[in-house]
Each structure stands twice: as structure tokens, then as C-alpha cells.
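Peer 1: From first to last, the protein sequence lines are chains A and B.
Residue numbering for the first sequence follows numbering that gives the first Met the number 0, starting at 0 and increasing by one per position.
Residue numbering for the second sequence follows numbering that gives the first Met the number 0, starting at 0 and increasing by one per position.
Dumping the structure here so I can ask a few things about it.
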Amino acid sequence: MTEKKKEVLLQIKGLRIEGYSDDKWTEIVHGVDLTLHRGEVMGLIGESGAGKSTIGLAAMGFARDGCRISGGSVEFDGMELTTTPERDRRALRGSRIAYVAQSAAASFNPAHRLIDQHTETPTHYRIMKRMESQEDAMQLYERLRLPNPQEIGFRYPHQVSGGQLQRAMTAMAMACRPDLIIFDEPTTALDVTTQIEVLLAIRDIVEQFNTAAIYITHDLAVVAQMADTIKVLLKGNEVEESDTRSMLANPREDYTKSLWAVRSFQRDQKTRPTGDVAPVVSVQNVDAAYGKTKVLDNVSFDIHAGMTVAVVGESGSGKSTTARCITGLLPPTKGKVLFKGEELPASYKSRSKEQLRQAQMIYQMADTALNPKVRICDIIGRPAQFYSGLKGGELKSRVDELLDMIELEPSKYYYRYPTELSGGQKQRIGIARALAANPTFIICDEVTSALDQLVAEGILKLLDRLQKELNLAYMFITHDLATVRSIADEVVVMKQGQVVEQGPKDEMFTPPHHPYTDLLLSSVPEMDPDWLSRVVDERGVDNIGEAADTSA
Amino acid sequence: MNYFVIGYYALLIGASCLAAFYGKKSAFLLLFSLTLVSFIVGIIGGETWLWNITIAAGVIALCAGTAYAFREFLVIVTPYETSKALAKAPLTASFGLFVIMTYLIAGVFAPVIAPFGEAEVISQSYAPADENMLMGADQLGRDLFSRLVYGARNTVGLAFIATTLAFLAGTIAGLLAATRGGWFDQAMGRLADVIMSIPSLIFALLMLSIFGTNLSVLVIIVAIIYSPRVFRLTRAVAGNIVVMDYIEAARLRGEGMWYLVRKEILPNSTAPLIAEFGLEFCFVFLLIAGLSFLGLGIQPPTADWGSMVRDNATLISFGEITPLIPAAAIALLTVAVNFVVDWMLYRSSGLKE
């Protein structure tokens, strides 16, 4: 790799970017330097708000609406982008610098076929004729190991899966053979088995064409696979930069060390109570369907008081549907749900207030789970008022108590609106709302997947503490196995609407296990920079994401 | 060439040079294009046309000045949250607010402001303006100014009541349809389709000739005609809110329908609804004025702008502008309401960047 790093491609010096909010310009990136050589991959990591994406876009000489580059220089291949006219900068984008966005599904135009969107840029810049470019697209699809490379381009975006779409987008970025590609969290929205396919595809193609890349992510293990050098950012400042191996081996700054240490949260595994105790929730032989499509097939598992059961699986495996069956939003077509030994009515509409109170839910997206027009005190106060009939002073002290529980200062947050809170704080309010009902059972639906690792860790610790204090039972839906490792007592693995394996966590994480569980476990990126290559050697390139299908 | 013309061009050219010097691009373009237009207009129409341009510019400047002063006034007198929003309002919006406020005052205090009663005959028919009558008399010798002031109360008040009724019906039906879904949604939707498929003016004429022309019939018919539009908007807006997780959370809590609608859905749909209220108000207002013009709306001797236009229409052939005054009152209010609505739409649509 070292022989590639001779020519400087991108040089950013003292970059300052300001954002416009509340009628004034505030600096959000405070003088960041960055040097990228030809064929080099640099990983930018940091929490949300660290300015990763903003810097990534600035490397194209672009600032989002409401942002402006206020100082410093961005020099791309001898061309100063901050002073070049917009017309010339635009000519660079797409042809010499390309951008791969986080959500391919949102970035493709749903009204055009993939190949039409792919060939648009090269034909526009007259680099290739339409037919040449189409041929080229098919070759790229083949290199990215998309199925049916001759045919897949003629489909519309909704006709291919998320992982394939992300690879098609990478192919599109490659269409003009750019010198630099900016990957903005390309795998964050994908589950582990799909992520590994996309990671491998991106890594190979970047190596084959000797393209330089900036890889933006908040997942350290991912960046360890992809990048030659890593730059850590915090609130618009650079914390440190060094090459991947030495960064992983001995991080210098405290902040970097804290990022590295995030995954260390672990708690003791609890075991089921002995004797004949009825579980809090017992799902028995449940089948469910959306219209005629069957999504759950004979699902059964128990959740005991004070325990956390993690339900894991890829997207579409029926995790959330199971939760909908338990809450009664989707009445099961067969089977039943028992609550403390009693059968619950199938639909939430026919359940009693007491039954509804006992089971609460915390949602993945705190933004949509909290009514933006209702104050915090009312969001948390309503369940307390609704179920226990608290009023006036009693209600206020109950809300204060709940805010204390979730470690938010009551006097400061009591009258705020959800939009005035950060992501982690919103999620805490979601937890408080669930607690306000005094439940015995809480469903946590991907509660940490939209959060940064440090924040997510705080939420997990909070949930753990609350469980101990209030003896809560959790059903923890997630696709992130690191979370499972840290918080679960028992694990249920689901695939295509069926439970493939279940048992105590320790057993699940020690072989031998079901081939699908094995696939899930081994697809979780590890901090070791050689991990991806090792997995490829073990599984073979062509069936890296489908090992389970062949062996199951 | 006289001093006025010389001064006129000197001022325009001087101002455009200053604007160019200080780099005010849009101001310069406006001033200099006005100068160029004035050259042509001056050659064709002579000094009188230049005077007209000057007067028009003066009126616009006066309106802008009023709007600016009124906005600053509102910023000071309103509470913090409102004044923060008002401080960012464009001048058109504050001008609209100013006009609406003037109409409101005229309507509420009509008996105090108007020098004569609305049905009081004080002079000959079509008497010209004198020191008693600001705008002259109408076809029966009643004071036009007094009738105009009373008209504000009758026409605007009626339109307001009808719009409010239409909104109550449409909003409640829309929210319930979105929340309940199923057959109720279907039934309400098809009912709205049926009402909307009949041309509104013809429907109003038909109903008024069946049930007779009295005020309550008029209000109810207008409300029925306009409620389907509100229903559709509300249902669409609420439809986007009903699928949110916080609605699911409230449903799982066991909340009743009324709570869902009132506390969870309505607060999130107020912005587009208020904007729609302003728009619908204009349409309702114009429909009522139109019906009055046809003689089926507000009945004489009650003052009403629509019928005032019709009654004085003959004067237009004598080169009098009298019938245009109530028409202008209608136009001004419609424009003012739309200015305010534009601002609200802008605020609620998130087009702030």
C-alpha cells in the first residue's frame, strides 16, 4: 500500500464551516486539516454532530443549505475549491469526486431504472456514450457481485434489496472512474449479513481502481476494515489521526480511548427463577400475517420477571411483528399470548386498562415516538394521570421522580418540548413515558440503533439500572449483537418468521450453534483490521452473506 | 421640461447610482429599470403619466411605511413568542394584518364610525360627495360611506361565520375519518365527492331558491359547499400524523378517540389548517358577495358590498368610480388575507432555508 501514497490528492487546511441557526452564524467545524493521497482510504469517525458529513461534503467544495465555508482551503488535485466558481466545482462532482449517501433507498430516484441513473453522469459529461456506459455498468455490477449483472440494472430501485441498492449506488459512484469517493455511512442502515457484502464490495472496488476514499462512519469496527488511516473528530475539532493499526493498538487521546472502550459494558447474566413460576409474558405457537402474506410461523418463547430477552435477526425476520402481536396491534391468526399465566385478548382494543398498563413499549425513533407539540411534563404525566388518576401536585412530584430516574434534571426539562432535546435525551423521555405506567414488562424496539455508541451505552446502563430497581422484564428487539452481548439474559434468534434457536446468552454465544446464528455472530465486524479478509477466506467471496441459506 | 420632470429624473438617476455604488443589486435593478420605463412613459404620455407614477410610488411607499410601523408596533405589544415570529414577518404580511385589523374595527364599531344609518335616506339619489357625505349617495340617496362601513360588518361577519361553520364540520369529519378509517372514512369521503362534484354557485342558487333567501339558510349552504375541501385537507394532514409512533403509543395506552383527536393529532395539524382557513375565507367571502350581486344573498336594505356594486353599477357608464369602491373593498380584503396566509404557509411548510 505504501507505494500508492505518493501523490497528494486532497489537501484541506484549517477548514472552518459555519451553520446558520437562531438568526446567527455559529461555527461548527473549527479548523480541521486533512491530507489524502491517491488510492488512500481515510476513515472519519466521531459522534453525531462531530462534523463528519459536513467535512465530507466540504471535500467536494460543497456546503449544505444553511451552512457556509467560512475559512481555510480545500485543494483538490491542485485546484482550490473554495474560490473556484460554482460552475467548475459542479463539473468536478460526479466525474472526479463522487458521493455515496447513507440511505441508497432515499437517494435513488424511484421513478427511473437503476441503469438510467447510472449512465446519466457519464453521458452528461460526455465521458462515455450511452451504450458504452451501459456495458460498463454491467461490468461494474459484476465486479460488485450483484446477482444477474446483465439484467439487474433494468430494474427500478424498489425491486432490489437494500444491500444491492447500496452496491448499485457504489457502482454509480464509480461510473466516471472518479479520483475520490466520499462514503457517508453507507452501511449504517443495513443489518450485519448485508453489511458484510457491501463492505467487501466497496473495499475491493476501491482497491481495483486505486480510488481515494473518505469513509465516514460512527462504527469503529467497520472503519477498521476499510481505512488506511483514521481521523477521530469531536465537535468540529480533530482529536487525533494515525494509521489504522497503530490507532487500534494504542490510541493516544482519552476521547479515542473512551470510544474504543464503549463495547466493554457487560453485566452478569441472570438465570430463570427455579420452581413453577409463570413467566411474565409467554408467546405460544403464534402465527401472524399481513393480509395474505404469512410473517410469523409458530413462534414461541417465554420472558420471566426481571429478565431481558433479546430477539435478534435480520430485517424482515419478524422481530417487530412479534412485538406487534404481543401488544395487540396485530392480532395473531393462530396461537396465544399469555401474561402472567392469563391469556390476553388478541386485539389491544379489547384489553383492559390494567392489561394495557402492564406492558409498555419504547420505540426506535424517538423523533416520531414523542409528540412534538406536547411538553415533556405532559408526555410523561399523561400515563401517570391516565392509569393512576394522579392530579396537580401529586402528578408533578411523580413526573419529577420519573425525570430523576432517567437522570434528567426536572427543573430544567419540565416545560420543554421534545424538539429542544438531543437524540439521547429524547430516548430517555421515551423510557420515562413507559415507566410512568408502572409496567412489569417493556418492549424495547431497536432503542439504541439510532444513537451514537456513547449515548447508546448510557441508555443501556440506564435500562439495566431500572431493571434492577423495578424488577422489569424486557423484550429487547435488536439486530446489533454487541448490544445483545451486553444486556441480554436470554436470546431468541429469528429468521423468516421462525424462531431458529433460543436459550441463555452464554450458550448462544458459545458453539455449537445453529448455522444461522453462526452466520449472524461471525458477521459482526470486529476491531481487528484483518477481520474482513479472514471472513472472506473462511466463507469464500461469493456466498459471504448467504452462508446460512446454503447450509440451513 | 419643467422643474418636476428634471427633479423626477435627477432623483431616480441619483438613487440608482447610490444603490449601484453601495452594491445593493436588487434595489439598483428596480430603480434603474424604473428610470428606463419612465423615459419611455414620459415620451409617450408626457408629464401627467410621470405624475401618476410618482403617486403610485408614493402610495406603495406609504403602505410599506404603514406596514413597517405596524409590524414594529405589534412586536412591542405582543408577548414574547408571537413577537419573535412577527419580527421575521415580511412587510406584506404586516400590511395584510393592518388591513384586516382596520376592517375588524370598522365592522365592530360600525354604528360609532358611520355618520348615518345604513338604511337612512339623507339625500337625492346619486348625489355627489359634499361635506356631509364623504363618498356621495347611492341610488336611493343613502350615504355610501356609512353603507360601506356597515357592509364590513355584514359581509365580513357573515363570511366569517360561514367559514367557521365549514371548518368545524370539515375538520371534525376529517380528523375522525383519518383516525377511525374503514367504512366511516369511505362514507365521508364519498359524501365529500358528491358535494364537490356539483358546481358551487349553481348548487347555492338551487338551494337558495328552494329554501328561500334568509341569512341562516345562506350561511348553512355556504358552509356545506366549502366543508368538503376542509375535510380533504384535514384528512390528508391527519393521515400523515396517525401513522406516527406517538399515536400508536397513545392507542396502546388505551386512550379514547376524542383524546387522540384533540391532544395528539389536532396540535400537529393546526398550521396548515389556519392557512387553509384564510384561503377558504376569501372564497366564501367572494361567493357571498357574488350571490348578493345576483340578488340572492344578503337582502336589502341591509348594506352589503356585493349588492352595493350591483345597485350602483349604472354609474360606471357615466365615468363615476362609485360602484368600484365596494368592489375595491372586497379586493383589498382578499389581497390582505392572502398576504397573511402566504406568510403562515411559508412558516408552516418549513421552506425557511
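We treat Cβ as the ideally placed atom computed from N, Cα and C, and that holds for glycine.
1. Between the segment 341-370 of chain A and chain B, which residues of the former have a C-beta closer than 7 Å to a C-beta of the latter?
2. Entirely within the segment 171-245 of chain A and at least 4 residues each: give me those alpha helix (DSSP H) ranges in chain order.
3. Check this for me: beta carbons of Gln359(A) and Arg432(A), under 9 Å apart or not?
4. So which residues on chain B does Pro84(A) lean against when the C-beta distance must stay under 7 Å?
5. Tell me the DSSP secondary structure of Gly290(A) in three-state form.
6. What does a CB cutoff of less than 7 Å around Glu352(B) pick up in its chain, not counting 5 residues either side in sequence?
7. Going by other Cβ atoms of all chains shown within 10 Å of its Cβ, with 16 needed for buried, is Leu350(B) buried or exposed?
8. Checking contacts by CB at 9 Å: is Tyr515(A) closer than that to chain B?
9. Say whether chain A places a C-beta atom closer than 9 Å to the C-beta of Lys262(B).
10. Out of Val308(B), Asp341(B), Gly318(B) and Tyr67(B), point me to the one whose CA is closest to Leu143(B)'s CA.
11. Which term fits Arg350(A), buried or exposed, when burial requires 16 or more other beta carbons within 10 angstroms of its beta carbon?
12. Considering just the uninterrupted stretch of the alpha helix (DSSP H) at Gly33(A), what are its terminal residues?
13. Whole angstroms are fine: how far does the CA of Arg266(A) sit from the CA of Ile229(A)?
14. Against chain B, does Gly161(A) count as a neighbour if the rule is that its beta carbon must be under 9 Å from one of theirs?
15. Would you say Arg381(A) faces chain B, with C-beta separation under 9 Å as the test?
16. Buried or exposed, going by whether 16 or more other CB atoms sit within 10 Å of the CB of Tyr2(B)?
17. Just by C-beta distance, which residues in the segment 434-456 of chain A are closer than 8 Å to chain B?
18. I'd like to know whether the C-beta of Asn267(B) is nearer than 9 Å to at least one C-beta of chain A.
19. Which residue comes first and which comes last in the beta strand (DSSP E) that contains Pro227(B)?
20. How many angstroms separate the CA atom of Arg15(A) from the CA atom of Thr216(A)?
21. Tell me, please, whether the segment 131-151 of chain A touches the segment 217-224 of chain A by the rule of three or more beta-carbon pairs shorter than 8 Å.
22. Could you compute how far the alpha carbon of Lys269(A) sits from the alpha carbon of Leu343(A)?
23. Please state whether DSSP places Asp303(B) in a helix, a strand or coil.
24. To the nearest angstrom, report how far apart Ile43(B) and Phe292(B) are at their CA atoms.
25. Touching or not, the segment 301-319 of chain B and the segment 399-418 of chain A, by the rule of three or more beta carbon pairs under 8 Å?
26. Mind reading off the beta-carbon distance from Gly60(A) to Leu35(A)? Whole number of angstroms is fine, and I expect it under 8 Å.
27. When you compare each of Ser94(A), Thr82(A), Leu164(A) and Tyr347(A) to Ile325(A) by their alpha carbons, which one comes out closest?
28. Where does the unbroken alpha helix (DSSP H) through Gln424(A) begin, and where does it stop?
29. Using a C-beta to C-beta distance shorter than 8 Å, which residues of chain B count as neighbours of Thr320(A)?
30. Answer yes or no: do Val535(A) and Ser521(A) have a C-beta to C-beta separation smaller than 9 Å?
31. Mind checking Ala551(A): buried by the 16 CB within 10 Å criterion, or exposed?
32. Give me the subset of the segment 311-337 of chain A whose CB atoms are less than 8 Å from a CB atom of chain B, sorted by chain position.
33. Give, in chain order, every unbroken run of the alpha helix (DSSP H) that is at least 4 residues long and sits entirely within the segment 146-191 of chain B.
34. Of all Cβ atoms in chain B, is any one closer than 9 Å to the Cβ of Lys293(A)?
35. Apart from the five residues on each side of it in sequence, which residues of its chain come closer than 6 Å, Cβ to Cβ, to Asp183(A)?
36. Do the segment 317-329 of chain B and the segment 58-76 of chain B make contact, defined as three or more Cβ pairs closer than 8 Å?
Peer 2: Straight from the coordinates:
1. In summary, the residues of the segment 341-370 of chain A whose CB is separated from some CB of chain B by less than 7 Å are Tyr347, Lys352, Leu355, Met360, Tyr362, Met364, Thr367, Ala368, Leu369 and Asn370, in the order they occur in the chain.
2. If we require 4 residues or more, the alpha helix (DSSP H) runs fully inside the segment 171-245 of chain A come out as 191-207 and 219-225.
3. Sequence index remark: in the first sequence, residue 359(A) carries index 360 (1-based). Sequence index remark: in the first sequence, residue 432(A) carries index 433 (1-based). Their beta carbons are under 9 Å apart, which means Gln359(A) touches Arg432(A) by this criterion.
4. Mapped onto the first sequence, residue 84(A) falls at position 85. From the beta-carbon of Pro84(A), no residue of chain B is found nearer than 7 Å; the closest lies around 18 Å away.
5. Walking along the first sequence from the start, residue 290(A) turns up at place 291. Residue state, collapsed to three classes: coil.
6. For the purposes of this step, residue 352(B) is taken as residue 353 along the second sequence, with counting starting at 1. Below a pLDDT of 50, predicted positions are generally treated as unreliable, and Glu352(B), at 35, falls in that range; no measurement from the model is reported.
7. Against the second sequence, residue 350(B) aligns to sequence position 351. Low confidence applies to Leu350(B): its pLDDT is 45, below 50, so where it sits in the model is not reliable, and the reading given next is rough at best. It is exposed - the Cβ of Leu350(B) has fewer than 16 other Cβ atoms within 10 Å.
8. Locating residue 515(A) in the first sequence gives position 516, where the first residue counts as 1. With 9 Å as the cut-off, Tyr515(A) does not count as an interface residue toward chain B.
9. Here residue 262(B) refers to the residue found at position 263 when the second sequence is read from its first residue. Chain A contact via Cβ: present.
10. Mapped onto the second sequence, residue 143(B) falls at position 144. Closest by alpha carbon: Val308(B).
11. For this step, residue 350(A) is matched to residue 351 along the first sequence. Arg350(A) is buried by the Cβ-count criterion.
12. Along the first sequence, one-based indexing puts residue 33(A) at 34. In the sequence on display, residue 33(A) carries Leu and not Gly. For Leu33(A), there is no enclosing alpha helix (DSSP H); the enclosing beta strand (DSSP E) covers residues Lys23 to His36.
13. In the first sequence, residue 229(A) corresponds to position 230, counting from 1. In the first sequence, residue 266(A) corresponds to position 267, counting from 1. Cα to Cα, the separation comes out at about 30 Å.
14. Within the first sequence, the letter at position 162 stands for residue 161(A). Closer than 9 Å: no.
15. On the first sequence, residue 381(A) is found 382 positions in, with the first residue counted as 1. Chain B places a beta carbon closer than 9 Å to that of Arg381(A), counting this residue as a contact.
16. Looking up residue 2(B) in the second sequence gives position 3. It counts as exposed.
17. Answer set for the segment 434-456 of chain A: Ala436.
18. The sequence position of residue 267(B) within the second sequence is 268, counting from 1. Asn267(B) has a beta carbon lying within less than 9 Å of a beta carbon in chain A.
19. Within the second sequence, numbered from 1, the residue matching residue 227(B) stands at position 228. Counted as a single uninterrupted DSSP element, the stretch harbouring Pro227(B) is not any beta strand (DSSP E) but the alpha helix (DSSP H) occupying residues Leu214 to Val241.
20. Locating residue 15(A) in the first sequence gives position 16, where the first residue counts as 1. Locating residue 216(A) in the first sequence gives position 217, where the first residue counts as 1. Cα to Cα, the separation comes out at about 21 Å.
21. No, the segment 131-151 of chain A is not in contact with the segment 217-224 of chain A.
22. Within the first sequence, the letter at position 270 stands for residue 269(A). Within the first sequence, the letter at position 344 stands for residue 343(A). Roughly 27 Å separates the two Cα atoms.
23. Working through the second sequence from its first residue, we reach residue 303(B) at position 304. Coil, per DSSP.
24. As a working mapping, residue 43(B) is identified with position 44 in the second sequence. As a working mapping, residue 292(B) is identified with position 293 in the second sequence. The straight-line gap separating the alpha-carbon atoms of Ile43(B) and Phe292(B) is approximately 39 Å.
25. The answer is no - the segment 399-418 of chain A does not touch the segment 301-319 of chain B, with fewer than three Cβ pairs under 8 Å.
26. Working through the first sequence from its first residue, we reach residue 60(A) at position 61. Working through the first sequence from its first residue, we reach residue 35(A) at position 36. Not confirmed; about 14 Å, so no contact.
27. Walking along the first sequence from the start, residue 325(A) turns up at place 326. Nearest C-alpha to Ile325(A) among Ser94(A), Thr82(A), Leu164(A) and Tyr347(A): Tyr347(A).
28. Numbered from its first residue, the first sequence carries residue 424(A) at position 425. Following the DSSP letters along the chain, one finds Gln424(A) inside the alpha helix (DSSP H) bounded by residues Gly422 to Leu434.
29. Numbered from its first residue, the first sequence carries residue 320(A) at position 321. Within chain B, no residue comes near Thr320(A); the closest Cβ sits about 14 Å away, beyond 8 Å.
30. Here the question's residue 535(A) lines up with position 536 in the first sequence. Here the question's residue 521(A) lines up with position 522 in the first sequence. Not closer than 9 Å, so no.
31. Position 552 of the first sequence, counting from 1, holds the residue named residue 551(A). Low per-residue confidence applies at Ala551(A): pLDDT is 32, beneath 50, and the placement is therefore not dependable enough to give any value.
32. Of all residues in the segment 311-337 of chain A, Thr326, Gly327 and Leu328 have a Cβ within less than 8 Å of some Cβ in chain B.
33. The segment 146-191 of chain B is shown to contain whole alpha helix (DSSP H) runs of 4 or more residues at 156-179, in chain order.
34. By one-based count along the first sequence, residue 293(A) stands at place 294. With respect to chain B, the C-beta atom of Lys293(A) has no partner C-beta closer than 9 Å.
35. Mapped onto the first sequence, residue 183(A) falls at position 184. By the criterion of a C-beta distance shorter than 6 Å, Asp183(A) is surrounded in its chain by Ser52, Gly55, Ala100, Gln101 and Ile215, once the five residues flanking it on both sides are discounted.
36. By the Cβ test, the segment 317-329 of chain B is not in contact with the segment 58-76 of chain B, since fewer than three Cβ pairs between them sit closer than 8 Å.
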